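And the structure:
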């Protein structure tokens, strides 16, 4: 589990969440020009697989969080490491990658309340959650 300071009340956590919805979108030169869209849900380990059709080398593609399956951890992050909660990804055969599988960077929701079980982690990382 990774914790990154958000503010004095909440923390970002990257963890395995089953049933979260993610969306892959590819866009052309215009930001509003969505050329390809695909949604999926995470498994019990927080992993997801999206089977993309076609080559999207001329497009900018990214995976974004859509919906959490946990009501106490459903805030889309908008600060710190997640100013833009999208993981950019290259979806072309002409990129030098030899594998058909692409891996997006981790994404995570923000918990509404601080988890009491994190005190040991904060201590280990020498983080004071009440420090302003």
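Numbering (the UniProt record's numbering), first residue to last: 1 to 132.
Each residue gets a CB set at the ideal place from its N, CA and C atoms; glycine is no exception.
Quick caveat: nothing in here was measured; it's all calculated off a predicted structure.
Burial state of residue i (16 or more Cβ within 10 Å)
i	result
residue 68	buried
residue 107	buried
residue 29	exposed
residue 71	exposed
residue 32	exposed
Helix, strand or coil at residue i according to DSSP, with G and I counted as helix
i	result
residue 24	strand
residue 183	Absent from the model: residue 183. The displayed extent of the chain is 1 to 132, so no value can be given.
residue 113	coil
residue 60	strand
residue 125	coil
Within 9 Å, strictly: CB atoms of residue i and residue j
i	j	result
residue 17	residue 40	no
residue 113	residue 88	no
residue 77	residue 110	yes
residue 26	residue 125	no
At least three beta-carbon pairs within less than 8 Å, the region 18–29 to the region 57–64 = yes
Would you call the region 46–56 and the region 110–126 in contact, with 3 or more CB pairs under 8 Å?
-> no
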